[in-house]
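Report on the following structure.
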Amino acid sequence: MTLSLNPSESLQPQGWLRYLSFSTDHKVIGLQYLVCGFLFYLIGGALAGAIRTELVTPISDFLPRETYNEVLTLHGTVMIFLWIVPVVNGAFGNYLIPFYVGARDMAFPRLNAVAFWLIPPAGLLLISSYFVTGAAQSGWTAYPPLSITTPATGQIIWILSVLLLGGSSIFGGINFIATILKLRRPGLGLMQLPMYCWAMLGTSILVVLSTPVLAGTLVLLSFDIIAHTGFFNPALGGNAVVYQHLFWFYSHPAVYIMVLPAFGLVSEILPVHARKPLFGYTTMVYSIMAIVFLGLIVWAHHMFTSGTPPWMRLFFTIATAFIAVPTGIKFFNWLATLWGGKISLNTAMLFCCGFIVNFVFGGITGVALAQVPFDIHVHDTYFVVGHFHYIVYGGTVFVIFASIYHWYPKVTGRLLNEPLGQLHFWLTFVGFNLCFAPQHWLGLNGMPRRVAEYDPQFTLINQFSSAGALLMAISTFPFLINVVMSASNGAPAGDNPWNALTPEWLTSSPPPVENWHGEPPLVHEPYGYGVTPGELSLEASSGRDLWNLGQGDQR
Amino acid sequence: MRIPPAILTLLAGMALVLFGLWVGQNVNLLPVDASANAPVYDELFRVLFSIGSILFIGIVGLILYSLVRFRRRVGETGDGAAIEGNLPLEILWTAIPAVVVLFVGIYSYDIYDRMGGMTPLNDHGMHGMQHSEERTWGGISPVALEADGAIAPLPVDVTAMQFAFIFHYPDSDITSGELHVPLGQPVALQMKALDVIHAFWVPQFRLKQDVIPGQPTLLSFTPTRAGQYPIVCAELCGPYHGGMRSTVIVEEPESFAAWVAKNSPNPPAESPTAVQS
Ligand code: HEM
Ligand SMILES: [Cu+2]
Ligand SMILES: [Cu+2]
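See below:
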């Protein structure tokens, strides 16, 4: 018997309307997260376009200066809190985790719906602040005293919105932890779960431990703004640096909240298209947990120039640099997964490989940034902007696209168009590198971040960067066309077009309400590739058996 | 006769390492070095660049090689080898990054120490800016290292506000919008912010320190190359943040003395420490 909650089908709207409803079906909620996140991604992208347009010329001529700061604040906030975090956690987590643990839904379906439905109002609140009162102007980091002295309404709306989004994220995290630990199909061991479950378990632990700290901090900040308390306001005896400690205690883990799930997704996609078991399952699990632990004790590497004493600078340098070890293990394991495989270089695979290349680059600049003497030159410059876009865009966003190409047939029963996909990949890859690689040079040579005007010697390089941004914008079109057209015209995919062994592929595509037509299958070896493929059977007890069963009569 | 793959791999690895070292020695991505700690910084940069290039090219090379060598040929079906792990190999590639990271950490500690980062911070300027209760905070302080008695540091009070830096020389009581400093003499900045957080950054000095309201910070450096360099505010401080810039003018001690003499509101005799060498 599987533990399952019945989302009382008859009361739920059917057809496309259910995507606008308070549906408690985890698949519907997953897609709600994905589409909603993507809409915000388009908004955040438009904001990025405005920033790069301003920076085509060295003088501040495109946007008024205040508006420029509002735009860069909104860009950062939208991309992090409304696109990356909800999509890489909420969208794929909700869609996949119940399949992976062999359940019919998440542990708390209603909480799940609540978590999603906090997002659109929070996002609209944030965006509308721009039109109604003027948005916050102090960057996504909202450092006081700047955030206390810029116009209060925009900042307060920003705080409210981030609090709602943080709440959504905590609800999601609790739900994932409960689902992974408690809803596993009987007989399914923790060490037999697909890697994405481990990634989401680790991520959710980070979410639950660190997001409340951000919430508390922002509440105190709002007191400083509204009630003129002096927690962080030096003019009233407060301490501005304490805010930074509290903020980064959340926001460094937040970067892992953005990237660990992506690691998990890559671990699902690579083995399927390389036709090999995921290499080093056990070390992967331990490195995720090591990253979670280390991720909680490195926050002050964002504060090396904030008047941190030497011992603190040293401690955080060492701790940060050591994150590279578990991260390195994961990358070597992926390389070993590719090695000796039968790799189909389709779009999903291309985006995964793009991810590895970009992330390795960002990881290397990250380790350099962790070194205090290196960082005191490039902190708060375009070098840092380059670093984290390599990680967040080159890493996580590439994985989101890989995942869409990989799971689209699951969701719709149709394949995405492959040539359009390849075009999308190459435009994105070239545009991305053209946009962000030159920014490292800009930072090294003296261009600070968050500026609307700069030394004219940097004009040409900034124009390269803006041209890259334009290419990235263009690359969205083949993707959008592909996704929309293929929904009705794509080649039928069948239930399991990739011959994948992870459980979500062992049901129909698209899957029925409550996921399985009969009992959920027990998949002990989600990565049991490596034998001649054959027919799938839902009675089989392990992934490898699935292949073995059909071996005789196929080919 | 074919060359055994192991030898080829070894050769490729050696070539990669040599290339990485060569690239590290020959990159030129930084602006001119104009302070005593800039060459030390550049040395760290070269080492990190070498290590980074070796890792990056190595990994990208491996991926490209795998994608070509292990690609699915037309008409091919079936799976790759069912290898699920290899403990010795996994231990090896845990150990390699650990060693690299440890090396980088120890090396950058050494660099930091050579820059004077580990020298306990104290109020260098003995010139009437003593505030015993007020705490002062980080910033690199190579002054103690240089202080072999030869040259006393030049104290300068820096005040940052939206959207300007103001420099005050306690010795000569000059207040200026630009920072004039003599070549070769250590400079000790004592920095305060009036409104929000700013940051004092001179790319050619490879130094940056936030200027934080309520918490004075210190920063010391020794200019080593005459010229004019930008002072850039690196912390978002409001609408005109991008325009918050100034200039540091590093000049020969004589012309610095002349500048002091010309601008000091006090008789020249009362500005003693600034310029003998
Ligand atoms: C190999 C691991 C990594 C290391 C050693 C590392 C190190 C650093 C350091 C030291 C900084 C501070 C730079 C500065 O402000 O001066 C930084 C900034 C940043 N990193 Fe990383 N990083 C790593 C991976 C990541 C990952 C996985 C992400 C996100 C998915 C990420 C996202 C960011 C962001 C967003 C910032 C800038 C935050 C801001 O100031 O707005 N980094 N990183
Ligand atoms: Cu961090
Ligand atoms: Cu500024």
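Protein sequence lines correspond, in order, to chains Y and E.
Using the working numbering, the letters of the first sequence map in sequence onto residues 42 to 596.
Using the working numbering, the letters of the second sequence map in sequence onto residues 1139 to 1415.
Even glycine gets a Cβ: it sits at the ideal position worked out from N, Cα and C.
Range covered by the alpha helix (DSSP H) that runs through residue i
i: P294/Y; result: 281-315
i: A443/Y; result: 439-453
i: L1356/E; result: No alpha helix (DSSP H) holds L1356/E; the beta strand (DSSP E) holding it covers 1355-1359.
i: H565/Y; result: H565/Y -> no alpha helix (DSSP H), and no H or E assigned at all.
i: E1228/E; result: 1225-1252
i: Q73/Y; result: 67-95
Alpha carbon of residue i to alpha carbon of residue j, nearest angstrom
i: G1158/E; j: A1150/E; result: 12 Å
i: Y284/Y; j: H293/Y; result: 14 Å
i: H1269/E; j: F505/Y; result: Caution is warranted here: a pLDDT of 40 is assigned to H1269/E, below 50, making its placement in the model unreliable, and no coordinate value can be reported.
i: K1400/E; j: L1292/E; result: 18 Å
i: I160/Y; j: G278/Y; result: 36 Å
i: E1373/E; j: V282/Y; result: 13 Å
i: G395/Y; j: L61/Y; result: 34 Å
i: H342/Y; j: N280/Y; result: 19 Å
i: P367/Y; j: F304/Y; result: 12 Å
i: F1131/E; j: Y434/Y; result: Outside the modelled stretch of chain E, which goes from 1139 to 1415, sits residue 1131/E, for which no answer is possible.
i: I1234/E; j: A409/Y; result: 17 Å
i: E1272/E; j: H1318/E; result: Because the pLDDT of E1272/E is 43, which lies under 50, any placement of that residue in the model is unreliable, and the number read from its coordinates should be weighed accordingly. Whole-angstrom Cα-Cα distance: 27 Å.
i: V554/Y; j: I92/Y; result: 44 Å
i: F518/Y; j: N387/Y; result: 19 Å
i: W158/Y; j: Q73/Y; result: 9 Å
i: P1308/E; j: D1180/E; result: 33 Å
i: W181/Y; j: A1298/E; result: 23 Å
i: D496/Y; j: I502/Y; result: 11 Å
i: G1365/E; j: P1324/E; result: 16 Å
i: F477/Y; j: L563/Y; result: 45 Å
i: F442/Y; j: I432/Y; result: 15 Å
i: M1264/E; j: A1290/E; result: Interpretation of M1264/E is limited by its pLDDT of 40, a score under 50 that renders its predicted location unreliable; the figure taken from the coordinates is listed afterwards. Spanning the two alpha carbons is a distance of roughly 10 Å.
i: T1385/E; j: Y1378/E; result: 17 Å
i: E1214/E; j: S385/Y; result: 10 Å
i: P1354/E; j: E1390/E; result: 29 Å
i: N589/Y; j: I329/Y; result: Any reading at N589/Y is ruled out, since the residue's pLDDT is 49, under 50, leaving its predicted position unreliable.
i: Q412/Y; j: S549/Y; result: 51 Å
i: L1283/E; j: I405/Y; result: Confidence at L1283/E is low in this model, with a pLDDT of 47, below 50, so the placement of that residue should be treated as unreliable; the coordinate-derived value is given next. Taking the straight line joining both Cα atoms gives about 32 Å.
Residue i - partner residues in DSSP beta bridges
i: W1339/E; result: K1346/E, V1370/E
i: M232/Y; result: For M232/Y, which the question treats as bridged, DSSP gives no partner whatsoever.
i: V1294/E; result: L1327/E
i: R145/Y; result: Partner(s): none; R145/Y has no beta bridge.
i: H1318/E; result: I1387/E
i: H1306/E; result: D1295/E, T1313/E
i: T118/Y; result: Bridge partners of T118/Y: none, in fact.
i: G1151/E; result: Beta-bridge pairing links G1151/E to no other residue.
i: S1418/E; result: Because chain E spans 1139 through 1415 in this model, residue 1418/E falls outside it and cannot be assessed.
Residue i beta carbon near ligand 2 (any heavy atom closer than 6 Å)
i: H293/Y; result: yes
Closer than 6 Å: residue i CB and nearest ligand 3 heavy atom
i: M1382/E; result: yes
i: H1306/E; result: no
i: H116/Y; result: no
i: H447/Y; result: no
i: H343/Y; result: no
i: C238/Y; result: no
i: C393/Y; result: no
i: H1379/E; result: yes
i: H1336/E; result: yes
i: C1375/E; result: yes
i: C1371/E; result: yes
Start and end residues, beta strand (DSSP E) containing residue i
i: S1314/E; result: 1312-1314
i: A411/Y; result: First-last for A411/Y: 388-411, but that is the alpha helix (DSSP H), not the beta strand (DSSP E).
contact_flag[the segment 446-454 of chain Y, the segment 533-543 of chain Y] where n(CB pairs < 8 Å) is 3 or more: Touching, yes, given that three or more Cβ pairs across the two stretches are closer than 8 Å.
Do the segment 286-302 of chain Y and the segment 1198-1208 of chain E meet, that is, are 3 or more Cβ pairs less than 8 Å apart? Contact fails: fewer than three Cβ-Cβ distances are below 8 Å.
Below 8 Å, how does it come out for the segment 417-425 of chain Y and the segment 395-403 of chain Y: are there three or more Cβ pairs, yes or no? Segments in contact, no.
Under 8 Å, with one C-beta from each stretch per pair, do the segment 1161-1173 of chain E and the segment 1350-1369 of chain E reach the 3-pair mark? With the cut-off at 8 Å, the segment 1161-1173 of chain E and the segment 1350-1369 of chain E touch.
May I ask you to verify whether the segment 1218-1231 of chain E touches the segment 1178-1188 of chain E, counting CB pairs closer than 8 Å and requiring at least 3? With a cut-off of 8 Å, the segment 1178-1188 of chain E and the segment 1218-1231 of chain E do not count as touching, because too few Cβ pairs lie within range.
Given 8 Å, three or more beta-carbon pairs between the segment 1335-1350 of chain E and the segment 1153-1167 of chain E: Counting C-beta pairs closer than 8 Å gives fewer than three between the segment 1335-1350 of chain E and the segment 1153-1167 of chain E, which falls short of the contact rule.
Are the segment 198-206 of chain Y and the segment 174-181 of chain Y touching, with three or more C-beta to C-beta distances below 8 Å? Touching, yes, given that three or more Cβ pairs across the two stretches are closer than 8 Å.
Per the contact definition of three or more C-beta pairs closer than 8 Å, is the segment 84-91 of chain Y in contact with the segment 126-145 of chain Y? No: the two stretches stay apart, fewer than three of their Cβ pairs being nearer than 8 Å.
Decide yes or no for the touch test of the segment 1328-1336 of chain E against the segment 1387-1399 of chain E: beta carbon pairs closer than 8 Å, at least 3 of them. The answer is no - the segment 1387-1399 of chain E does not touch the segment 1328-1336 of chain E, with fewer than three Cβ pairs under 8 Å.
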